[in-house]
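Visitor: Right, I'll just put the structure down here and ask away after.
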Amino acid sequence: MIADIAAADIYSLPASTKNAWLLEHLNALVQHHRQNCDAYRRLLNAWGMPKDGRAATLAALPALAAPLFKTLELRSVPASETYKTLYSSGTSGQRSHIVLDRDTAAAQTRALVRIMQHWLGPRRLPMLIIDHPELMASRAAFSARAAGVQGLSFLGCDHTFALHSDMTLNLEAVDRFCQKYADQKVLLFGFTFMVWECFLQRLADEGQLYHLPDGVLLHGGGWKKLQAQAIDNQTFKQRVQDIFGMSRVHDYYGMVEQVGAIFVACEQGHFHAPRFADVIIRSPGDWRPLPAGIPGVIEVLSVLPRSYPGHVLLTEDLGVLHGVDDCPCGRCGSYFNVLGRLPRADLRGCSDTFTTESRK
Amino acid sequence: MTATVRFPAGFAFDDWIGAPLAAPFAPSTVGCLAALSDRLVRDAALRPFPELTALGFWLRRGNLQHLQQRHLHPNRLHRPLGSVLHLTPGNVDTLFLYSGAISLLMGNRNLFRLSRRNREGQDRLIKVLQSLYSEPQWRTVLNRFVIADFPHDRNLLEQLCCDLDLRITWGGNATVQQVRTIPLAARARDIAFADKFSLCLLNARAVLEADSLTELLREFRNDAYMFGQQACASPRAVIWLGEDATAAQARFWKALETVLQADADLLTPSEQMDSLAAVQQLAAEGLTNRIDGIQSPWIKRAPVSSLNAAVEAQHAGGGLFFELQIGTLDELLPQLRPHHQTLTFWGIPREDILTWLKQTQVPGLDRVCPVGRALDFEGYWDGINLFSAFSRQMFC
Chain C
6 MIADIAAADI
16 YSLPASTKNA
26 WLLEHLNALV
36 QHHRQNCDAY
46 RRLLNAWGMP
56 KDGRAATLAA
66 LPALAAPLFK
76 TLELRSVPAS
86 ETYKTLYSSG
96 TSGQRSHIVL
106 DRDTAAAQTR
116 ALVRIMQHWL
126 GPRRLPMLII
136 DHPELMASRA
146 AFSARAAGVQ
156 GLSFLGCDHT
166 FALHSDMTLN
176 LEAVDRFCQK
186 YADQKVLLFG
196 FTFMVWECFL
206 QRLADEGQLY
216 HLPDGVLLHG
226 GGWKKLQAQA
236 IDNQTFKQRV
246 QDIFGMSRVH
256 DYYGMVEQVG
266 AIFVACEQGH
276 FHAPRFADVI
286 IRSPGDWRPL
296 PAGIPGVIEV
306 LSVLPRSYPG
316 HVLLTEDLGV
326 LHGVDDCPCG
336 RCGSYFNVLG
346 RLPRADLRGC
356 SDTFTTESRK
Chain G
923 MTATVRFPAG
933 FAFDDWIGAP
943 LAAPFAPSTV
953 GCLAALSDRL
963 VRDAALRPFP
973 ELTALGFWLR
983 RGNLQHLQQR
993 HLHPNRLHRP
1003 LGSVLHLTPG
1013 NVDTLFLYSG
1023 AISLLMGNRN
1033 LFRLSRRNRE
1043 GQDRLIKVLQ
1053 SLYSEPQWRT
1063 VLNRFVIADF
1073 PHDRNLLEQL
1083 CCDLDLRITW
1093 GGNATVQQVR
1103 TIPLAARARD
1113 IAFADKFSLC
1123 LLNARAVLEA
1133 DSLTELLREF
1143 RNDAYMFGQQ
1153 ACASPRAVIW
1163 LGEDATAAQA
1173 RFWKALETVL
1183 QADADLLTPS
1193 EQMDSLAAVQ
1203 QLAAEGLTNR
1213 IDGIQSPWIK
1223 RAPVSSLNAA
1233 VEAQHAGGGL
1243 FFELQIGTLD
1253 ELLPQLRPHH
1263 QTLTFWGIPR
1273 EDILTWLKQT
1283 QVPGLDRVCP
1293 VGRALDFEGY
1303 WDGINLFSAF
1313 SRQMFC
């Protein structure tokens, strides 16, 4: 399905056509997961969803709260067909576990590549990965970071890691890459906080300057840590411009529970829903869908998750929808911004756990 | 590595151990707490913190005198214990103050480690304490009430615990077990308040036949929604007694929903997400077969066939209520366990409850009281008399 979509068309489908298409595929996925995932079926039954019922609108599709993936193993394929398990960052016990079979893993990669080809063009680009080589060590269990790097590596060639395994800057490798590809189109990729802390800051310390004006930096993972240091998007982009002469910096929003359907920020700074995914913003409390302009909790919908019921997911992120199909950048699709994580009341109950280890 | 003292400002952390002890219910201690009560009750700036006002009310001189009469025996010599470390809970800012006040009253020197959560209420309280400290007459008393932030450092805790006479740890279970691995002096007392779960018992017929539910709803609301249903005494399961439970439930929850509509900020978005995830998880695990109230911002209900550990582990507050139907009080017995703390009741005569409690060996339940009183504090916690716990009684 995804393979049939040309990169040019990732953001060309207007809501009038897209909604019906998405609804049909997502309703089919609801049935699929209901038949194959006991936990999902129990939830839908308790919720009173009729067995052969079809949601009339995208907003009527049952949404799973993302925390469920941390505490339950939700799978729609037998254990023997597990190809890979993805897990999110966080302390063990607080990590999401996502079960992929070969088909879903392949679909996710294909989707990611298609989306990124829209932003990068059809050719594979020399790729500088702002992370360390040991990231991909385990084949069976992947962190969100590793999954992101692996998926995107299909878009690149001459993959070069910018950091040593102790997270310090591998200046020789970066020098070599930037000199070899000076003035050419390249792809830089990494997680937002790491790009700033381990890469941009360290390069600035060294006083390094390179010439990569045609390059693209793709980064994601959230601004929380940088906000704590009062670093905003403007500052981040300016630093990239200063060091590389590069102006194409794209933030992306994605999560391990829905790898593949990433939302990339356009030139206007808004995240766009690709052809096979969408977002709904909901009011915390009664969970009704909110119109553009009113902040709420982000729900993400994607036709990719087949091996696990992650197709309609209520995240723990706050966001605001700006509109559908009418972004000044010219692309179709819902476009939105992310406002940050839901401020957490933290752990349940009295505890304020006193760890037994010293922290530096 | 050392702690940061938040109150009294400028107090050296290591000096807390040198503060002279006082006699239980010494006039200066009572006077100081009465003065604190005054400030808490009268300060208009504290209106957004009703729990601080409630604390102020409890600390009023009249109540302190009543407590003295109740807990000091004229024929015994009461003495303080000495140095007390309080590892306070994160969910209810003010709980530690009630027990802390009792420890202070009994003459001990106290060190409080505050949770890193709930800073706003803490900051307010510390401001009030600081203003009290500016009056020289209260300093000696307040030097026995040191509040500090501790880094997460086992070494520091180990050093502190060597010299304690009493260590009191407020949950949860994991924290208690970890703290217990830190040795105390052999003679020292160790009290822990672990995870608890609380219930509300409603007489179905009474709910159906009452002319007005206004008072019940108001009292239930106070019990359940103060602190976002996070306190261990907050009712998290509603037990319906008698026939017509289904009709009574319909009437009760519908009426409660109407009452709560007036309160936009009853639960935070985070609490909403917690109760939504909890109720979905319950259903996904097969612990409930029906979830009601996904669209309600305040009430989510899940019928359960029993209150077992798996069910209770899912609860995180946020307006979620497990529901159980029973025909007679005796049917409640197999559901009760030692970690069940508070049972509130309505529509059942107190004598009937008392008879039932006396006739049966009820496991668990530290407090049984009318709906509305769940969060009241009376000097007993989890079945322990804190006045005794914080003092010695000499026999001569």
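Heads up: the protein sequence lines correspond to chains C and G, in order. Here the numbering used here is used: the first residue of the first sequence is 6, the next is one more, and so on. Here the numbering used here is used: the first residue of the second sequence is 923, the next is one more, and so on. Virtual Cβ for every residue (Gly too), placed ideally from N, Cα, C.
Can you give the Cα-Cα distance for C/Q239 and C/V254, rounded to whole angstroms?
Guide: Numbered from 1 along the first sequence, position 234 holds the residue referred to as residue 239 of chain C. Numbered from 1 along the first sequence, position 249 holds the residue referred to as residue 254 of chain C. Those two C-alpha atoms are separated by around 10 Å.
Visitor: By DSSP, does C/Q123 sit in helix, in strand, or in coil?
Guide: What you label residue 123 of chain C is simply residue 118 of the first sequence in a count that begins at 1. According to the sequence as given, residue 123 of chain C is His; it is not Gln. Three-state result, C/H123: helix.
Visitor: Taking the runs of the alpha helix (DSSP H) that are 4 residues or longer, which of them lie wholly in the stretch 1011 to 1067 of chain G?
Guide: The qualifying runs are 1017 to 1027, 1041 to 1055 and 1061 to 1064.
Visitor: Which residues bound the alpha helix (DSSP H) around C/V179?
Guide: Mapped onto the first sequence, residue 179 of chain C falls at position 174. Counting along the chain, the alpha helix (DSSP H) containing C/V179 begins and ends at L176 to K185.
Visitor: Using the Cβ count rule (16 or more neighbours within 10 Å means buried), how would you classify C/R367?
Guide: Here chain C comprises residues numbered 6 to 365, so residue 367 of chain C is not present and cannot be evaluated.
Visitor: Going straight from the alpha carbon of G/H1262 to that of G/G1301, what length do you get?
Guide: In the second sequence, the residue the question calls residue 1262 of chain G occupies position 340. In the second sequence, the residue the question calls residue 1301 of chain G occupies position 379. Taking the straight line joining both Cα atoms gives about 18 Å.
Visitor: Can you tell which of G/N1030, G/L1027, G/R1061 and G/G1004 has the C-alpha that lies nearest to the C-alpha of G/R1109?
Guide: Along the second sequence, read from residue 1 onward, the residue named residue 1109 of chain G stands at position 187. Out of G/N1030, G/L1027, G/R1061 and G/G1004, G/G1004 has the C-alpha closest to the C-alpha of G/R1109.
Visitor: Give every residue of the same chain whose Cβ lies closer than 7 Å to the Cβ of C/G226, excluding the five residues on either side of it in the sequence, and list them in chain order.
Guide: As a working note, residue 226 of chain C is residue 221 in the first sequence. Only F196, T197 and F198 meet the Cβ criterion.
Visitor: Excluding the five sequence neighbours on either side, which residues of its own chain have a C-beta within less than 7 Å of the C-beta of C/A44, listed in chain order?
Guide: In the first sequence, the residue the question calls residue 44 of chain C occupies position 39. Cβ neighbours of C/A44 beyond the five flanking positions: L77 and L79.
Visitor: At what residues does the beta strand (DSSP E) containing G/R1289 begin and finish?
Guide: For the purposes of this step, residue 1289 of chain G is identified with residue 367 of the second sequence, where counting begins at 1. Here the beta strand (DSSP E) through G/R1289 covers R1289 to P1292.
Visitor: Does the structure place the stretch 92 to 112 of chain C close enough to the stretch 125 to 135 of chain C that three or more beta carbon pairs sit under 8 Å?
Guide: Touching, no.
Visitor: Report yes or no: is there a C-beta of chain G within less than 8 Å of the C-beta of C/A266?
Guide: Here residue 266 of chain C corresponds to residue number 261 of the first sequence, with the count starting at 1. No, C/A266 does not count as interfacial toward chain G.
Visitor: Return the bridge partner residues of G/T1264 from the DSSP annotation.
Guide: By one-based count along the second sequence, residue 1264 of chain G stands at place 342. For G/T1264, which the question treats as bridged, DSSP gives the partners G/R1289.
Visitor: Kindly give me the distance between the Cβ atoms of G/W1092 and G/T1010, rounded to whole angstroms, as I take these residues to be in contact under 8 Å.
Guide: As a first step, residue 1092 of chain G is located in the second sequence; it is residue number 170 there, counting from the start. As a first step, residue 1010 of chain G is located in the second sequence; it is residue number 88 there, counting from the start. Rounded, the Cβ-Cβ distance is 6 Å, consistent with contact.
Visitor: Scan the stretch 1180 to 1264 of chain G and note each continuous beta strand (DSSP E) run of 3 residues or more that stays entirely inside, going in chain order.
Guide: Complete beta strand (DSSP E) runs here, min 3: 1222 to 1225 and 1242 to 1248.
Visitor: Where in the stretch 272 to 348 of chain C do unbroken runs of the alpha helix (DSSP H), each at least 4 residues long, occur, reported from the N-terminal end onward?
Guide: Qualifying alpha helix (DSSP H) stretches: none in this window.
Visitor: Looking only at its own chain, which residues have a Cβ that is under 6 Å from the Cβ of G/L1135, when we skip the five neighbours before and after it?
Guide: Translated into positions along the second sequence, residue 1135 of chain G becomes position 213. Within the same chain, G/L1135 has close Cβ partners A1177.
Visitor: Does C/D291 get closer than 8 Å to chain G when you measure Cβ to Cβ?
Guide: Indexing the first sequence from 1 puts residue 291 of chain C at position 286. Yes, contact with chain G.
Visitor: Just tell me which of C/Y257, C/A25, C/T90 and C/D210 has its CA closest to the CA of C/R244.
Guide: To locate residue 244 of chain C, count along the first sequence from 1; it is residue 239. The option with the nearest alpha carbon to C/R244 is C/D210.
Visitor: Closest Cβ-Cβ distance between G/M1195 and chain C: below 8 Å?
Guide: Here residue 1195 of chain G corresponds to residue number 273 of the second sequence, with the count starting at 1. Output row for G/M1195: interface = yes.
Visitor: Cα-Cα, which of G/F1299, G/G1305 and G/E1193 is closest to C/A70?
Guide: By one-based count along the first sequence, residue 70 of chain C stands at place 65. C/A70 has its Cα closest to that of G/E1193, out of G/F1299, G/G1305 and G/E1193.
Visitor: Let me make sure I understand the geometry here. Which of C/M251, C/Q184, C/R346 and C/S85 has the alpha-carbon closest to that of C/L205?
Guide: On the first sequence, residue 205 of chain C is found 200 positions in, with the first residue counted as 1. The residue with the shortest Cα to Cα distance from C/L205 is C/M251.
Visitor: Taking the Cβ atom as the reference point for each residue, do C/H224 and C/D256 lie within a distance shorter than 8 Å?
Guide: The residue labelled residue 224 of chain C in the question sits at position 219 within the first sequence. The residue labelled residue 256 of chain C in the question sits at position 251 within the first sequence. In this structure, C/D256 lies closer than 8 Å to C/H224 by Cβ.
Visitor: Give the range of the beta strand (DSSP E) segment to which C/I103 is assigned.
Guide: For the purposes of this step, residue 103 of chain C is taken as the residue at position 98 of the first sequence. Unbroken beta strand (DSSP E) run through C/I103: H102 to L105.
Visitor: Counting C-beta neighbours from all protein chains within 10 Å, is the total for G/L997 16 or more, i.e. buried, or is it exposed?
Guide: Your numbering for residue 997 of chain G matches position 75 in the second sequence. With the sequence shown as reference, residue 997 of chain G is identified as Asn, and Leu is not the correct amino acid for it. By the 10 Å Cβ count, G/N997 comes out exposed.
Visitor: Hey, how far is the Cα of C/T114 from the Cα of G/V1233?
Guide: Here residue 114 of chain C refers to the residue found at position 109 of the first sequence. Here residue 1233 of chain G refers to the residue found at position 311 of the second sequence. Rounded to whole angstroms, C/T114 to G/V1233 spans 38 Å at the Cα level.
Visitor: Mind reading off the beta-carbon distance from G/L1279 to G/I1161? Whole number of angstroms is fine, and I expect it under 8 Å.
Guide: Here residue 1279 of chain G corresponds to residue number 357 of the second sequence, with the count starting at 1. Here residue 1161 of chain G corresponds to residue number 239 of the second sequence, with the count starting at 1. In fact, because the Cβ distance is near 15 Å, the residues do not count as touching under 8 Å.
Visitor: Measure the C-alpha to C-alpha separation of C/V51 and C/L73 and round it to an integer number of angstroms.
Guide: Within the first sequence, numbered from 1, the residue matching residue 51 of chain C stands at position 46. Within the first sequence, numbered from 1, the residue matching residue 73 of chain C stands at position 68. Per the sequence presented here, residue 51 of chain C reads as Ala, with Val not at that position. So the alpha carbons of these two residues sit roughly 16 Å apart.
Visitor: C/V317 and C/A68 - do their beta-carbons sit closer together than 8 Å?
Guide: Against the first sequence, residue 68 of chain C aligns to sequence position 63. Against the first sequence, residue 317 of chain C aligns to sequence position 312. Their beta carbons are under 8 Å apart, which means C/A68 touches C/V317 by this criterion.
Visitor: For the stretch 60 to 77 of chain C, list every residue whose C-beta sits within 7 Å of some C-beta in chain G, in sequence order.
Guide: Going along the stretch 60 to 77 of chain C in chain order, one finds L69, A70, P72, L73, T76 and L77 with a Cβ nearer than 7 Å to chain G.
Visitor: If you measure from the beta carbon of C/R244 to each beta carbon in chain G, is any gap under 8 Å?
Guide: Numbered from its first residue, the first sequence carries residue 244 of chain C at position 239. Closer than 8 Å: no.
Visitor: Runs of 3 residues minimum, wholly inside the stretch 1121 to 1179 of chain G: which ones carry the beta strand (DSSP E) assignment?
Guide: Taking only runs of at least 3 residues, the beta strand (DSSP E) segments lying wholly in the stretch 1121 to 1179 of chain G are 1157 to 1163.
Visitor: Can you find a C-beta in chain G that's less than 8 Å from the C-beta of C/P310?
Guide: On the first sequence, position 305 is the one that residue 310 of chain C refers to. It does not; no Cβ of chain G falls within 8 Å.
Visitor: Measure the beta-carbon distance from G/L989 to G/L974 and round it to whole angstroms, keeping in mind my assumption that it falls under 8 Å.
Guide: Within the second sequence, residue 989 of chain G is the residue found at index 67, counting from 1. Within the second sequence, residue 974 of chain G is the residue found at index 52, counting from 1. Contact doesn't hold; Cβ gap of about 19 Å is too wide.
Visitor: Do you know how far the Cα of C/S158 is from the Cα of C/G328?
Guide: Along the first sequence, read from residue 1 onward, the residue named residue 328 of chain C stands at position 323. Along the first sequence, read from residue 1 onward, the residue named residue 158 of chain C stands at position 153. Whole-angstrom Cα-Cα distance: 32 Å.
Visitor: Residues of chain G with CB closer than 7 Å to the CB of C/E321, please, in chain order.
Guide: The sequence position of residue 321 of chain C within the first sequence is 316, counting from 1. Under the 7 Å cutoff, chain G gives M1195.
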